[in-house]
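These protein sequence lines are chains A and B, in that order. So in our numbering, the last spot in the first sequence is 852, and the numbers never skip. So in our numbering, the last spot in the second sequence is 1001, and the numbers never skip. Inspection log for the structure reproduced underneath, given as structure tokens.
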Amino acid sequence: MPIDEKERLQARIRRIGAGDVVLVRPGVTSESLTSHIAGVILQPNVPLFWLTMFGIGIIALCMFVIAVAILLDVGIGELGTNIPVGWAFPIANYVWWIEIAVGGSLLSSILHLTNQKWRNSINRIAEAVTLAGIMCASLYPVLHLGRAWIFYWTLPYPNTLTIQPNFRSPLIWDVFGIFTYAAASVLFWYLDMIPDLAAVRDRAENRIAYLIFGVLALGWQGSSKQWRMQEKGSLLLAGILTPLVFTVHTVVSFDFAIALVPGWHSTIFPPYFVDGAILAGISMVSMITIALRSAFSFENIITDQHLNNLGKIILTTSVFLFYIYCFDSFTNWYGGNPYEQYTDRFRVFGNYAWVFWTFVAFGIAAPQLLWWKRNRTDPRALFVISLLVVIGMWEERYMLMVVSLSHDFMPSAWANFAATAEDNALLYGSCGLFLAMVFLLVRLFPMVPLHSVRQLLPHAQNGGAIE
Amino acid sequence: MSELITIGENPVEASRRRFLELMGASIALATGAGCTRPPTEFVMPYVTPPEQAIPGVARYYATAAVTNGIAEGVIAETHLGRPTKIEGNPRHPASLGATSVLSQASILDLYDPFRAKEVTKNNETASWDQFTVELHAALEPIRKANGRGLSLLTETVVSPTLGWQLQRVLEQFPEARWHQYDPAGPHSSRKGSLNAFGRYVNTYYRLDQANVMLSLDSDFFTYGPASTRYAHDYAFGRKVRGSNTQMNRLYVAESTLTSTGGKADHRLQLKYSDIGRFGVELAAAIGVPGVAAVSSPRFERIIGPLSQDLLANRGRSAILVGENQPPALHALVHAMNAALGNAGHAVAYTEALETRPENQIESLKTLVAEMNAGTVKILLIINGNPAYNAPNDLGFSDALARVQTSIHFGLYHDETSQHTVWSLPASHFYESWSDARAFDGTVTILQPLIERLYDSRSEVELLDLLVEMPNRASRTIVRSYWQQQAGAYDFETWWRKAVGEGMIPASSLPESQPALQPIDVGSLLASDSGIELTFRANPYLYDGRYAGNAWLQELPRHITKLTWDNAIHVSARTAERHGLRHQQIARIKVGTQYVEGAVWLSPGQPDDSIMVEFGYGRSRAGPIGTGIGFDAYRIRTTTGLWHVPNIEVSNTGATYPLATTQMNKSQHGRDLVVSQPITTYQRDPRFAQKAHPQPSYNDTLYPHWEYPHYNWGMAIDLTACVNCQACVIACQAENNIPVVGKQQVLFNRWMHWLRVDVYYEGDWSEPSARFAPIPCMHCENAPCEVVCPVQATVHSSDGLNEMIYNRCVGTRFCSNNCPYKVRRFNFLLYADWFTDQLKMQRNPDVTVRSRGVIEKCTYCVQRIREAEIRAQMENRKIQANEVKTACQQVCPTAAIVFGNINDSASEVSRMKAEPLNYGMLTELNTRPHTTYLAELRNPNPAITNYAD
């Protein structure tokens, strides 16, 4: 897209905003922005907040490592998983993390394509969330295996047995889905970051930082040719990522929808999963954004307007989720399938009713507070609501596993599930992994995309006139 | 038996030689020594190979499994000298090719690594030689005193050889005493027959000749030496096929819900103390002489139609009575059967099976008195565990301390051997020669299946030690006894035939028609108003002797599906009234003694009636059996053997989790186990298929399977299934299925490939029950196959859903997607890979699974493949009913039928063509290869409120 075209579009957005839309506060210049962002990376003294969060993450991560070692040594009998509940915590965690990952992808792809400029300043944070989320998510399908050390048998590789994976199995689709998604996300994150890496390189005061960022910047000079290629590449990757946002969650939902378990076997699952993913993902992005914004004083580039927009997405998707639940129940009632109907009743009134109602309270009711703009722009309110949503969405995944599996077709096989210490260690441990990853990423790499935020600066718009 | 013994012998002969040659050659090459000298150091062939021992080909030997001294004829499958699996002996009257649970599980007892392995004196290692020398030294003064001071305590002796030996001991030691005690033996039967006939007789039933059966608290499908046969005869009297709608009818009055009661066409739930009254009222109604007419409004509804039904089937009915019921009721039942003309038809009488029937409680009392008086110098306890299971008021353990030379001989170092000076390891009955009688007197000569695992002796050898010097081997003793008895001109031929066939022909005891004496029913009319306590032997651990058998510990109890524990069974109403809570510990007080155990709310338990089982609370039963459950013997006295009125019960408030394999026993209206009265069948034979419609063949995205040669399938007749669960244990033994322990059962990770589902029907305070064995359904459109990412479960060209353990990565998606939930997962390393004895039991044809893989019913694929190979070598097809799965083979009622659906001559095709045939959850279009024949019941139309 030619630059002038872009500017025209941006001007239009600003007009629509009519003074209300403040994506960059006054006083921010190209220079101050760069020193602010690069400073976070290059300064030797790390802020206490960062240390605290990273420390918590590392401690939890240690617990995770120990838990994984026990799991591999003793066996997955350490988990609470049983027959009939063959999938419980690990798969719930997996779906949850992959949902959280989508927040970043949504911002970098769809909002990129639709030219939502407000996304620029929080894009990188969102992508850190994506990368960390994918990393956490991708561990579970391996860890939950009875024989994790041969997980690669699910990959189509040439082998002497001449056996290929079963392409009818949604788990195989999932393998492809996750790998594709992870690859595209990493590429996008990196490609978008190259100019910023160069900016950091240029400001590096010691040789090691200079070398590292120099290599990572791939010789970026900021020539217009490079800019054009980078823009094109980003756009192209955004185009690839956009369908992936939908397909990866569609494929994840197939892990369930393809099975005939009541509570899983439903055609509404793909949109349901995509919507749930956006809800959880954007909530996590909000939380991290709000935290970093206050920790690194980014109020001038991550404004209330960003929070407002994130809040709107959370609100919309939660309402849609409510609709999906209503519609699914209606279909089950109208369809007259006694097994599905039983599962619906069991979900709402059965042994695990508390899980369902927690989900409803946290995942659907709490976001309704975001109808008020006051709550959307109040970082504390949005943080709390986002946190509730993230917890509620985990409860929902837990419910999806345990409620459906524990009481399916044969009443004689019904049994309840109880989590073990190992289950909890793996869940909270992965939160540690996530925290450590996110904070490592924002520490080591520019956490705000300088080049695209610069485009939001006034001098990049109307000839430098300050608003 | 000859056809069994010669299977596959000749064709393999050539290849075995070839195999050995190749083995020799390859080892010679490998050692590089083949050219210069014979590699004798490295090769370990049989120096003298046993005749006909072919690696990989099983051999079969007839013998018997002995429970309570009474035999069930079995055929043991052995691989290279290791017995691995017990099958029924088709010619044996107690077996007819099937076996009971206990016979199936007996193979594990043989290999139990915690058996007594050595002679101990005062808990220190000794030897048989030392024992022999010291025994004879101790016997010397006693011999001089004509045997005074020598006492023997045995279990019930039925074995002819053992009986003969005991006679000889008593000849040599005329003043020695011989006592018998079996805690859960037929005390009431003995006394009842004494009351009714003035002498001890043996009663058994021919249920195939009964149109109407009434059980008074008799769980005859589960307990007793003929349970396998009774289940068979019952089931074959009610197999409805096509237009044959003849069915027998079973009435059960019982004090706790049992399999027998669950199968009853009419079940009457009564307190133990009311069953006697019910019996008396019924006896009056059918006109038993000497029973005055009594009637109460309680039983009016049923007594009238029931007595009509019985009277209409004179000579074609049978009344059975539970061993736990009082002798007076046993006597009354004899009188009722006589009044109905059943004696000699469905009810048979013979002389007592036992060598010396006696009142064992009195016998034990006398012994304890003598022990306390100090007149017992040598006490030889042969099997049995009286220190654990003698009635508590006798104080057996204390008395034992007063005996100078106490000797315990048994399979285990147990509670009793802890108190005795000597503890002698006994041989398992699969390790030595012996003999035993079946329920009708038929004699089986037991032959050893394996060299003794430890330095043990058999009971006949032990007794021989008392009378003969030097002692002889068990074979010589048993042979010498039968040499006298056989009277055959060619003993060797007789012996070979008797041992080979697993029974001595025509050795059953002759029937007699004992004359009735007047009976007194007065004691039966008393009823009590308080809470009563009833005892039962645990169906699997029996009196506690099998507590070390992990298979039996983990086999779910028939109705409750409890494992690894006994419980205090109460009805919900009684629990509420007395503040008892499910899975909380309650205290039962009898006199000054009490026990504490976990409460289980049992539908089908009468109000104000508490049932507890013996067999638990062992303090010395190896790592498997020690310290689980509670010991009900502590509140058992000589006056309250089976029933204690007016007990106290209270809740302690402590919780105690009980491990069950089936948490939910309501069908939730899903009608998976379809059951209807016969009248429904007469109106609409295809009612079951209508309940489970089959979607069109084309309702799937995937191509149809074609089964060009064989198409294996199974049909299960739910009318015939009596929930004995022998199939579960048979499957476990055949397929090397591990046990997981209580904790893992609590996690719902038990491993049985085949389970028997139980559902309550009707009013849960007085329910009927539905039973359905659930193996893998081997679906054509198998939901598991589609979702496995690595193709570890795939469809075979002969209709099997196959599981490839080596390929399995353990996603468990297949289990999630299995609507029948028949797949089991090795969450941990459940199989014992390290204990040598247990390795010997394993079926060499079946993989021992490792951690992290799914397993499930394979339709005993190893048996199919074996038959395939056999057929191929003989250049033929597998015959119609040639392959039998383990569950099918053991099933006493032939409820499980397996075979080739493509072959219209096969039994399974005929079953599947029945209008009753339906598939579970067929509406999911899984197209199961295991289908069911809906259950039919035959309620008396005159009894209107048939629950269903």
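Each residue gets a CB set at the ideal place from its N, CA and C atoms; glycine is no exception. Quick caveat, the model's predicted, so the values are computed rather than measured.
Residue i, enclosing alpha helix (DSSP H) - first and last residue
i, result
"S570 (chain A)", "P555 to R588"
"D286 (chain B)", "S280 to F289"
"P628 (chain A)", "S609 to A642"
"I485 (chain A)", "F474 to S493"
"D162 (chain B)", "V154 to L163"
"G814 (chain A)", "A806 to L829"
"W217 (chain B)", "P213 to Q225"
Residue i - containing beta strand (DSSP E), residue span
i, result
"Q322 (chain B)", "H319 to Q322"
"W231 (chain B)", "R230 to Q233"
"A825 (chain B)", "S821 to I827"
"T613 (chain B)", "Counting along the chain, T613 (chain B) falls outside any beta strand (DSSP E), and DSSP gives it neither H nor E."
"L989 (chain B)", "E988 to R990"
"L260 (chain B)", "Careful: L260 (chain B) lies outside any beta strand (DSSP E) and carries neither H nor E."
"V643 (chain B)", "Q637 to V643"
"H132 (chain B)", "I123 to H132"
Nearest to residue i (by Cα), restricted to the options the options
i, options, result
"V487 (chain A)", "A:E512, A:L826, A:Q726 and A:F734", "A:E512"
"N764 (chain B)", "B:F951, B:V186 and B:C829", "B:F951"
"P143 (chain B)", "B:T275, B:V520, B:G553 and B:W217", "B:G553"
"E512 (chain B)", "B:I434, B:R598 and B:R739", "B:I434"
"L645 (chain A)", "B:E908, B:C940 and B:N870", "B:N870"
"V936 (chain B)", "B:A151, B:D543 and B:C913", "B:C913"
"K316 (chain B)", "B:T298, B:R330, B:M266 and B:S326", "B:M266"
"D618 (chain B)", "B:D573, B:A396 and B:L799", "B:L799"
Listed by chain order, chain A residues near residue i by CB distance under 8 Å
i, result
"Y873 (chain B)", "F794, M795 and A798"
"H721 (chain B)", "Y727 and P796"
"M716 (chain B)", "W799, A800 and N801"
Cross-chain neighbours of residue i in chain B, by beta carbon under 9 Å
i, result
"T539 (chain A)", "P842, V843, V862 and T864"
Per-residue burial, residue i [other beta carbons within 10 Å of its own, 16 or more giving buried]
i, result
"S837 (chain A)", "buried"
"Q566 (chain B)", "exposed"
"H189 (chain B)", "exposed"
"E514 (chain B)", "buried"
"E415 (chain B)", "exposed"
"P992 (chain B)", "buried"
"T256 (chain B)", "buried"
"E590 (chain A)", "exposed"
"S638 (chain A)", "buried"
"Y750 (chain B)", "exposed"
"F95 (chain B)", "Low local confidence applies: a pLDDT of 49 at F95 (chain B) is under 50, so the model's placement there is unreliable, with the coordinate-based value given in what follows. Under this definition F95 (chain B) is an exposed residue."
"P981 (chain B)", "buried"
Within chain B, partners of residue i - CB distance below 8 Å
i, result
"A890 (chain A)", "With chain A covering only 386 through 852, there is no way to say anything about residue 890 (chain A)."
Under 9 Å from the C-beta of residue i: neighbouring residues of chain A
i, result
"V293 (chain B)", "In chain order: nothing, as chain A lies at least about 25 Å away."
Listed by chain order, chain A residues near residue i by CB distance under 7 Å
i, result
"L974 (chain B)", "F794"
Contact list for residue i against chain B, beta-carbon separation under 7 Å
i, result
"S638 (chain A)", "Within 7 Å Cβ-Cβ: nothing; S638 (chain A) doesn't reach chain B, min ~14 Å."
Chain A contacts from the segment 789-810 of chain B (Cβ-Cβ distance under 8 Å): Hits within the stretch, in order: Q797, F800, N801, R802, R808 and D810.
Where the segment 875-892 of chain B meets chain A: residues whose CB sits under 9 Å from a CB there: For the segment 875-892 of chain B, the set of positions with a beta-carbon nearer than 9 Å to some beta-carbon of chain A reads V875, R876, R877, F878, N879, F880, L881, L882 and Y883 in chain order.
Against chain B: residues of the segment 508-537 of chain A by CB proximity under 7 Å: Flagged, chain order: L530, G531, R532, I535 and F536.
Contact list for the segment 743-764 of chain A against chain B, Cβ threshold 8 Å: Answer in chain order: no residues at all.
Within 8 Å of chain A by C-beta, residues of the segment 892-904 of chain B in sequence order: Going along the segment 892-904 of chain B in chain order, one finds R904 with a Cβ nearer than 8 Å to chain A.
Contact residues within the segment 306-317 of chain B, judged by C-beta distance below 9 Å to chain A: Listed by position along the chain: nothing, the set is empty.
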